[in-house]
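Chains as they are written, first to last, in my numbering: chain A, 1 to 412; chain B, 413 to 831.
What follows is a set of notes on a single structure, which appears directly below.
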């Protein structure tokens with residue numbers, strides 16, 4: 001499918017991508033160049049708190065007044081922390097689009113980070129972190145990151161932070177972070193009932209208040225795949241189901257192996273009902289409701305992981321099946337039919353994503369964030385279609401082989 | 413929108429939308445936990461799991477056939493309905509229709525596969541049980557409702573999941589999976605006339621059968637507060653309060669929706685969207701900003717019979733659950749609404765409607781859901797009713813529904829580790 005995308009670089013260094021659709025609503029997804037790497041040591045969770053406080057009041061307007069204005073128009077807006085950026089999502093009716101984005105960014109630019117508001121939010125975040133401590137999925141995922149990215153790597157953190165980090169955040173930390181917030185490098189993808197020139201005009205005005213300084217560049221120490229299996233078990237009393245996360249380092253987003261790995265992962269734990277893993281562990285053995293694999297490829301590093309929820313008595317059986325499937329991919333590769341199915345899946349699902357503004361926006365944000373170019377949609381098809389069985393086997397052997405991996409089990 | 417009813421009773425709704433080269437096809441059956449009885453709770457969902465694997469010539473093939481075209485697929489069971497869908501690139505409607513025609517007439521219930529699927533369903537239930545607030549909600553619902561089948565979870569009680577037999581499944585399937593009890597919805601890049609023709613070819617020959625019997629049990633009126641407490645290992649406390657809510661066809665629905673928007677934020681008409689929570693809502697301002705809860709939400713569904721309106725709090729560390737409960741009850745049962753708040757709530761409800769039709773899959777889901785619980789035309793009428801809601805209407809429904817005698821309060825109190 002050819003997507004009509006209008007791309008405009010603004011004078012302040014931001015980029016606006018617009019796709020007009022015959023809708024009464026507008027969906028905006030975008031990023032500001034402020035990733036988790038800006039969190040100082042000992043302040044885990046700072047970016048998340050910062051993101052939430054952007055709409056929690058200015059010197060002149062309280063959170064209540066701001067939100068009443070935005071939501072009173074039937075609009076919604078939120079900022080949230082991501083590993084590589086500060087994400088913003090704005091929804092409005094087409095009629096209130098300009099007014100909504102203007103207000104959202106004007107309040108964010110003037111955010112005051114008042115002590116009283118910080119304390120209010122801190123209490124909530126700390127309670128939420130206590131809640132997460134009882135969730136095996138969260139705990140297994142967090143421990144997995146810590147073990148996979150040792151040595152202070154920014155990806156070793158979870159975005160919600162830690163109780164210790166959140167307890168120490170001060171207003172000064174937030175004000176310092178605000179100094180780093182800039183419109184240069186910002187990306188906004190606008191999809192819905194708005195003309196491209198109106199979208200550009202509205203965002204140019206809205207992002208102006210954020211300034212145009214150069215953003216901080218992400219940096220991280222080198223990481224390498226563990227030499228052997230690293231295992232950790234965490235006990236969470238009172239829970240019913242165990243959660244396993246198992247995986248290892250792979251490649252960053254712009255690495256030449258990325259596309260091949262995407263295909264390998266699709267066959268392993270995504271295609272259809274969770275790929276080979278779903279067929280073996282769920283459909284044939286009845287051991288899981290969910291067991292899937294994912295590739296996370298960011299700018300500085302990438303990794304793959306398998307995640308599944310199992311009855312505690314069945315964990316070992318399920319894990320041995322997962323390991324067999326991983327070894328099978330590396331040793332025997334995949335069949336022609338699997339490969340063809342997967343290629344058609346990956347290419348076709350990109351077209352199906354176009355049915356929703358959120359799908360279009362997500363795709364275009366990724367394209368812009370990694371500088372892939374608007375011809376990526378065409379190139380993606382060519383690159384995926386060019387993947388051969390031996391390529392899949394090669395990347396499976398290189399990255400998915402079950403040696404040198406991290407395994408975390410959170411169980412009752 | 414094109415509406416057709418085939419001779420065998422199958423109701424077909426087709427909406428053409430050429431804005432993306434995609435088509436979505438949904439089959440909804442008027443069967444859910446509402447149609448179950450003790451001993452076989454969860455059977456509607458069990459059948460969904462069996463049929464999710466595909467049927468007839470598509471047995472264990474649906475996932476491959478749909479995914480290899482880039483499509484996505486899923487299935488859901490609720491209190492009132494079981495729904496299956498495929499969203500595919502345009503030009504693939506026939507495949508989706510064939511898959512659904514096989515599901516409607518050629519299910520398989522082999523002993524061995526049923527046993528495997530039972531394990532999957534138990535794992536699904538255990539996944540939910542991992543969340544303490546799910547366990548509290550299950551208890552509150554079963555306390556708030558004493559007779560109506562809405563009182564048990566859609567996934568079913570564990571002992572029933574463990575003991576449902578192959579014969580139970582076959583009989584249940586024969587009773588409810590028939591054209592006269594189904595709705596077929598197609599939305600997207602199709603020609604409506606062509607689509608209806610294809611539906612007639614594939615479904616027209618199926619035996620319609622009589623409409624299955626309606627459940628007889630009605631929930632008796634509640635005459636006094638009910639309370640329930642759950643003690644389990646957890647790090648935080650939860651409060652859940654449930655009131656009786658109006659059905660989808662009730663005249664009170666429009667003011668109730670607006671009241672809900674004032675309290676918690678406008679409800680999405682997408683039934684899978686979960687609880688509402690916006691920061692301009694009273695719940696956020698009073699409970700979350702007020703320092704009693706780290707999160708607060710309210711939830712209700714459009715259902716055939718009257719169900720529940722549930723408000724949930726994650727109690728902030730250092731606050732006693734009773735304190736948070738007291739604040740919540742004072743807010744809800746003494747609800748005050750201004751002209752401005754009602755106006756804002758109405759514009760939020762209208763905006764939700766615009767958001768709900770942004771994608772074909774969401775549109776079709778909404779159409780199926782409305783058709784099951786009332787009729788697809790209900791939405792248009794409802795929006796007209798919503799526009800006319802006044803503060804006095806909101807006060808009236810609040811004083812009728814959100815009252816002590818019709819409430820059930822549940823508290824999850826942590827014990828053991830983390831308490």
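We put the CB at the ideal spot given by N, CA and C, even for glycine.
Kindly say whether residue 598 of chain B, judged by its beta-carbon, lies nearer than 8 Å to any beta-carbon of chain A.
-> no
Proximal residues, the segment 297-310 of chain A versus chain B, C-beta separation under 8 Å | 309 and 310
For the candidate residues B:739, B:472, B:757 and B:617, whose alpha-carbon lies nearest to that of residue 418 of chain B?
-> B:617
Start and end of the beta strand (DSSP E) containing residue 780 of chain B?
-> Note, residue 780 of chain B: premise wrong, no beta strand (DSSP E); alpha helix (DSSP H) at 772-785.
Would you kindly check if the distance between the Cβ of residue 399 of chain A and the Cβ of residue 253 of chain A is under 8 Å?
-> no
Residue-level contact to chain B via CB, residue 18 of chain A, 8 Å cutoff | no
Tell me, please, whether the segment 582-597 of chain B touches the segment 622-636 of chain B by the rule of three or more beta-carbon pairs shorter than 8 Å.
-> yes
So does the segment 541-558 of chain B actually touch the segment 648-666 of chain B, counting three or more Cβ pairs closer than 8 Å?
-> yes
Does the pairing of the segment 39-51 of chain A with the segment 330-339 of chain A give three or more beta-carbon distances under 8 Å?
-> no
Grab the span of the beta strand (DSSP E) containing residue 656 of chain B for me, first residue to last.
-> 650-656
Use the C-beta contact count for residue 537 of chain B: other C-beta atoms within 10 angstroms, 16 or more gives buried, fewer gives exposed.
-> buried
Name the residue from B:540, B:521, B:490 and B:503 whose alpha carbon lies nearest to the alpha carbon of residue 239 of chain A.
-> B:540
Please look up how many angstroms separate the CB atoms of residue 293 of chain A and residue 309 of chain A, rounded, as I've assumed it's under 8 Å.
-> Their Cβ separation, rounded to whole angstroms, is 14 Å, which puts residue 293 of chain A and residue 309 of chain A out of contact at 8 Å.
CA nearest to the CA of residue 82 of chain A, picked from A:34, A:123, A:165 and A:321 = A:34
Given residue 479 of chain B as reference, the closest of B:500, B:756, B:791 and B:576 once Cα atoms are compared | B:500
State the CB to CB distance for the pair residue 470 of chain A and residue 396 of chain A, rounded to an integer number of angstroms; the pair is presumed to be in contact (CB under 8 Å).
-> No information on residue 470 of chain A is available, as it lies outside the stretch 1 to 412 that chain A covers here.
What do you reckon, are the CB atoms on residue 392 of chain A and residue 260 of chain A nearer than 8 Å?
-> yes
Rounded C-beta distance between residue 318 of chain A and residue 243 of chain A? I'm assuming under 8 Å.
-> Not quite, the Cβ-Cβ distance comes to about 11 Å (not below 8 Å), so this is no contact.
Note down the Cα distance separating residue 492 of chain B from residue 599 of chain B, rounded to an integer number of angstroms.
-> 22 Å
Listed by chain order, chain B residues near residue 67 of chain A by CB distance under 7 Å | 691 and 692
Are there three or more Cβ pairs, one per stretch, closer than 8 Å when the segment 511-525 of chain B is compared with the segment 735-746 of chain B?
-> no
Along chain A, in chain order, which residues have C-beta atoms closer than 9 Å to that of residue 723 of chain B?
-> Those within 9 Å of residue 723 of chain B in chain A number zero; the least Cβ separation is about 18 Å.
Measure how close the beta-carbons of residue 161 of chain A and residue 72 of chain A come, nearest whole angstrom, since I'm counting them as under 8 Å.
-> About 32 Å; that fails the 8 Å criterion.
Closest residue to residue 585 of chain B among B:456, B:747, B:450 and B:426 (Cα-Cα distance) | B:456
Note down, in chain order, each residue of its chain lying with its Cβ closer than 6 Å to the Cβ of residue 154 of chain A, except the 5 sequence neighbours on either side.
-> 36, 37 and 220
Three-state class that DSSP yields for residue 846 of chain B in the structure shown = Here chain B covers residues 413 to 831 and nothing more, so residue 846 of chain B does not appear.
In chain A, which residues lie less than 8 Å from residue 838 of chain B when you measure between Cβ atoms?
-> Within the shown structure, residues of chain B are numbered from 413 to 831, placing residue 838 of chain B beyond reach of any answer.
If we count Cβ pairs, one from each stretch, closer than 8 Å, do we get three or more for the segment 713-729 of chain B versus the segment 754-766 of chain B?
-> no
What are the uninterrupted segments assigned as alpha helix (DSSP H) that are 4 or more residues long and contained completely in the segment 274-358 of chain A, given in chain order?
-> 315-332 and 336-353
Quick one: is residue 141 of chain A near chain B, going by C-beta distance under 8 Å?
-> no
Neighbourhood of residue 55 of chain A by C-beta, 8 Å cutoff - its chain only, sequence neighbours within 5 removed | 63, 66, 67, 70, 77, 78, 79, 104, 107, 108 and 111
Is the CB of residue 126 of chain A under 8 Å away from at least one CB in chain B?
-> yes
Can the beta-carbon of residue 552 of chain B be found less than 8 Å from the beta-carbon of residue 822 of chain B?
-> yes
Do you know whose CA, among A:358, A:168 and A:92, lies nearest residue 41 of chain A's CA?
-> A:168
Scan the segment 761-783 of chain B for residues whose Cβ lies nearer than 7 Å to a Cβ of chain A and list them as they occur along the chain.
-> 762, 763, 766, 767, 770, 771, 772 and 773
Who are the near neighbours of residue 534 of chain B in its chain, counting only those whose CB is closer than 8 Å to its CB and skipping five residues on each side?
-> 570, 573 and 574
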